[in-house]
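Be aware that the sequence shown starts at 1, since it is given in our numbering, and climbs by one per residue.
Worksheet: one structure, shown below.
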Amino acid sequence: MTTLYTVLLYLIQPLIWLRLWLRGRKAPAYRKRWAERYGFCTGKVKPDGILLHSVSVGETLAAIPLVRALRHRYPHLPIVVTTMTPTGSERASSAFGKDVHHVYLPYDLPGAMNRFLDTVNPRLVIIMETELWPNMITLLHARKIPLVIANARLSERSAKGYQKIGKFMKRLLQRITLIAAQNQEDGERFIGLGLKRSQLAVTGSLKFDISVTPELAARAVTLRRQWAPHRQVWIATSTHEGEESIILDAHRKLLARFPTLLLILVPRHPERFATASSLAQKGGFTYTLRSSGEIPSATTQVVIGDTMGELMLLYGIADLAFVGGSLVERGGHNPLEPAAHAIPVLMGPHTFNFKDICARLQQADGLITVTDADSLDKEIGTLLTDEDYRLYHGRHAVDVLHQNQGALQRLLHLLEPHLPQRNH
1 MTTLYTVLLY LIQPLIWLRL WLRGRKAPAY RKRWAERYGF CTGKVKPDGI LLHSVSVGET
61 LAAIPLVRAL RHRYPHLPIV VTTMTPTGSE RASSAFGKDV HHVYLPYDLP GAMNRFLDTV
121 NPRLVIIMET ELWPNMITLL HARKIPLVIA NARLSERSAK GYQKIGKFMK RLLQRITLIA
181 AQNQEDGERF IGLGLKRSQL AVTGSLKFDI SVTPELAARA VTLRRQWAPH RQVWIATSTH
241 EGEESIILDA HRKLLARFPT LLLILVPRHP ERFATASSLA QKGGFTYTLR SSGEIPSATT
301 QVVIGDTMGE LMLLYGIADL AFVGGSLVER GGHNPLEPAA HAIPVLMGPH TFNFKDICAR
361 LQQADGLITV TDADSLDKEI GTLLTDEDYR LYHGRHAVDV LHQNQGALQR LLHLLEPHLP
421 QRNH
């Protein structure tokens, strides 16, 4: 099975090159650093440390508290963070700076992966969520390098798909050192595919272990004073195609009742920054770009958040937040980031990427569901008019966050046997 998988992966390489090149038309970063995708990263990383892989932006954000904790506990060990997308790369660079080394994880080809592992030679490999690369797992097992799948999740649908290649999955899973699942249901699905119970731990979700640092809070207060000292602000983040127009439509309706209201609109991907700006312009809104460095004037109606790594800061400016990918069938993005700021969170009905988290928030009145521009207008209007109602929803959102924290410490304890302490 592994041989067939590898042959197919080699055969589709030209299609992968074409896809990268085509995506590069809107996001030029896709046309750069191809050598890293084939394991050539000499000089960019330090060996004999920790390798952490987070495929894209969402996983990278969840990994931030973990990487910071590892840096604090094991300052003598270099950390290499790998991603697969330019946006994940930019997020890693902005979050960690020079504290960690970043490269793209190579494609799961034996030659590329061997070349990469020869260079990095990690003591421990941590993969965020559920990225199961057969050749990578097999090579790590052969090299006796421990592999931990952190913050692991496995949907019922994915588990049924994997059952079709049951024997192959069982062999693959039993080569993994430890799977740290987000909840018992996810863990049982891994067991059903052949994982041994001795390889499983249930830690909870790392996504709950985020916090607003005093420094970040102070920066947000300063920016709020500059941008909107006497105005109300709402933010719509991680929006996808089809959502920006709905957001702007709702904002137009809201401006009729709240003429000084400011919207911060942050598309999910950099290639949508220009589209969002164009929609704002065509809609007749007075807008500015965050990247321009300009302070919004009293007449600015929309700020396009076209920078990377500032999402938590921008949430700190807002009175309430809409989290995108949820009015269209993308499954939604992380509602816990605005919840950390104790502001009300709104999402559309499509939240399957965060099913468990959204259910907990909704049960506790920490999440409001909307379906279109009219319901956005209605719910946001109520939140802006009734301060007690707004504070109630924000407080309940942050309470859910605090009540479910602890996964980070549980995971760090599980990693201890695989990481050496500094010799004194």
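Just so it is clear, CB atoms sit at the ideal spot from N, CA and C, and this is done for glycine as well.
Those runs of the alpha helix (DSSP H) which lie wholly inside the region 235 to 270 and span at least 4 residues: 244 to 257
Please state the DSSP three-state secondary structure of residue 84. Taking the first residue of the sequence shown as position 1, residue 84 is located at position 84. In the structure shown, residue 84 sits in coil (DSSP, three-state: anything other than H, G, I, E or B).
Per DSSP, residue 302 is paired with what? Here residue 302 refers to the residue found at position 302 of the sequence shown. Paired residue(s): 263, 287.
Residue 221: buried (16+ other C-beta within 10 angstroms of its C-beta) or exposed? Here residue 221 is taken as the residue at index 221 of the sequence shown, counted from 1. The residue is exposed, with fewer than 16 neighbouring Cβ atoms inside 10 Å.
Is the separation between the beta-carbon of residue 132 and that of residue 141 shorter than 9 Å? Residue numbering aside, residue 132 sits at position 132 when the sequence shown is read from its first letter. Residue numbering aside, residue 141 sits at position 141 when the sequence shown is read from its first letter. No, these two residues do not count as a Cβ contact at 9 Å.
Could you give the distance in angstroms between the alpha-carbon of residue 87 and the alpha-carbon of residue 168? One-based indexing of the sequence shown puts residue 87 at position 87. One-based indexing of the sequence shown puts residue 168 at position 168. If you take the alpha carbons of residue 87 and residue 168, they lie about 32 Å apart.
Please state the DSSP three-state secondary structure of residue 9. Against the sequence shown, residue 9 aligns to sequence position 9. Looking at residue 9 - three-state DSSP - the assignment turns out to be helix.
Does the distance from the C-beta atom of residue 65 to that of residue 211 stay below 9 Å? For the purposes of this step, residue 65 is taken as the residue at position 65 of the sequence shown. For the purposes of this step, residue 211 is taken as the residue at position 211 of the sequence shown. Yes, the pair counts as a contact, with Cβ atoms nearer than the cut-off.
Under a Cβ-count criterion, where at least 16 other Cβ atoms within 10 Å of its own Cβ denotes burial, should residue 17 be classed as buried or exposed? Start at 1 with the first residue of the sequence shown, and residue 17 comes out as number 17. Result: exposed.
Does DSSP put residue 55 in a helix, in a strand, or in coil? If you number the sequence shown from 1, residue 55 lands on position 55. Correct three-state label for residue 55: coil.
Report the rounded CA-to-CA distance for residue 48 versus residue 234, giving the unit in angstroms. Position 48 of the sequence shown, counted from the start, is the residue given in the question as residue 48. Position 234 of the sequence shown, counted from the start, is the residue given in the question as residue 234. Whole-angstrom Cα-Cα distance: 46 Å.
Judging by CA-CA distance, which residue of 370, 286, 289 is the nearest neighbour of residue 323? Here residue 323 corresponds to residue number 323 of the sequence shown, with the count starting at 1. Minimum Cα distance to residue 323 is reached at 370.
Given residue 328 as reference, the closest of 243, 227, 11 once Cα atoms are compared: Taking the first residue of the sequence shown as position 1, residue 328 is located at position 328. Measuring from the Cα of residue 328, the nearest candidate turns out to be 243.
Where does residue 103 sit, in a helix, a strand or coil, going by DSSP? For the purposes of this step, residue 103 is identified with residue 103 of the sequence shown, where counting begins at 1. Residue state, collapsed to three classes: strand.
How is the beta strand (DSSP E) around residue 179 delimited, first residue to last? Here residue 179 refers to the residue found at position 179 when the sequence shown is read from its first residue. 178 to 181 is the extent of the beta strand (DSSP E) around residue 179.
Which of the three DSSP states, helix, strand or coil, is assigned to residue 135? Numbered from 1 along the sequence shown, position 135 holds the residue referred to as residue 135. Residue 135 falls in the helix class under three-state DSSP.
Can you give me the start and stop residues for the beta strand (DSSP E) that residue 154 sits inside? Against the sequence shown, residue 154 aligns to sequence position 154. Premise fails: residue 154 is in no beta strand (DSSP E) and is neither H nor E.
Could you give the DSSP three-state label for residue 128: helix, strand or coil? Here residue 128 is taken as the residue at index 128 of the sequence shown, counted from 1. Reduced to three states, the DSSP call for residue 128 is strand.
Pop quiz: residue 302 and residue 287 are said to be a contact at Cβ under 8 Å. What is the actual Cβ separation, rounded to whole angstroms? Start at 1 with the first residue of the sequence shown, and residue 302 comes out as number 302. Start at 1 with the first residue of the sequence shown, and residue 287 comes out as number 287. With a Cβ gap of about 4 Å, residue 302 and residue 287 count as contacting.
Please name the residue or residues paired with residue 321 in a DSSP beta bridge. Taking the sequence shown and counting its residues from 1, the one referred to as residue 321 is at position 321. Looking at the DSSP assignment, residue 321 forms a beta bridge with 235, 345.
Nearest neighbour of residue 179, chosen from 414, 420, 164 [CA to CA]: Locating residue 179 in the sequence shown gives position 179, counting from the first residue. With distances taken between Cα atoms, residue 179 lies closest to 414.
So, helix, strand or coil for residue 409, using DSSP? Along the sequence shown, read from residue 1 onward, the residue named residue 409 stands at position 409. Here residue 409 sits in helix by DSSP.
Beta-carbon proximity list for residue 333, same chain, < 8 Å, skipping 5 on both sides: Counting from one through the sequence shown, the residue named residue 333 turns up at place 333. Closer than 8 Å at Cβ, skipping near neighbours: 58, 237, 238, 268, 323, 324, 325, 326, 353, 354.
Does the distance from the C-beta atom of residue 401 to that of residue 321 stay below 9 Å? Reading the sequence shown from its first residue, position 401 is the one you call residue 401. Reading the sequence shown from its first residue, position 321 is the one you call residue 321. Cβ atoms of residue 401 and residue 321: not closer than 9 Å.
Could you tell me the alpha carbon to alpha carbon distance between residue 408 and residue 202, rounded to whole angstroms? By one-based count along the sequence shown, residue 408 stands at place 408. By one-based count along the sequence shown, residue 202 stands at place 202. So the two alpha carbons sit approximately 12 Å from each other.
Continuous beta strand (DSSP E) stretch holding residue 433: start and end: Only positions 1 to 424 of the chain appear in the structure, and residue 433 is not among them; the question remains open.
Where residue 295 and residue 289 are concerned, what is the direct C-alpha to C-alpha distance, given to the nearest angstrom? For this step, residue 295 is matched to residue 295 along the sequence shown. For this step, residue 289 is matched to residue 289 along the sequence shown. Residue 295 and residue 289: Cα-Cα distance of roughly 9 Å.
In terms of DSSP beta bridges, what is residue 147 paired with? In the sequence shown, the residue the question calls residue 147 occupies position 147. The partner list for residue 147 (beta bridge, DSSP) reads 125.
Looking at C-alpha atoms only, which residue of 152, 8, 298 is the closest neighbour of residue 55? As a first step, residue 55 must be located in the sequence shown, where it is residue number 55. Residue 55 has its Cα closest to that of 152, out of 152, 8, 298.
Kindly provide the ranges of any alpha helix (DSSP H) runs that are 4 or more residues long and lie completely inside the region 338 to 398, ordered along the chain. 355 to 363, 373 to 385
Tell me which residues share the same chain as residue 175 and place their Cβ nearer than 7 Å to its Cβ, disregarding the 5 neighbours each side in the sequence. Translated into positions along the sequence shown, residue 175 becomes position 175. These residues qualify, in order along the chain: 137, 138, 141.
Using CA atoms only, rank isn't needed, just tell me which of 229, 225, 228, 155 is closest to residue 193. If you number the sequence shown from 1, residue 193 lands on position 193. Considering only alpha carbons, the answer is 155.
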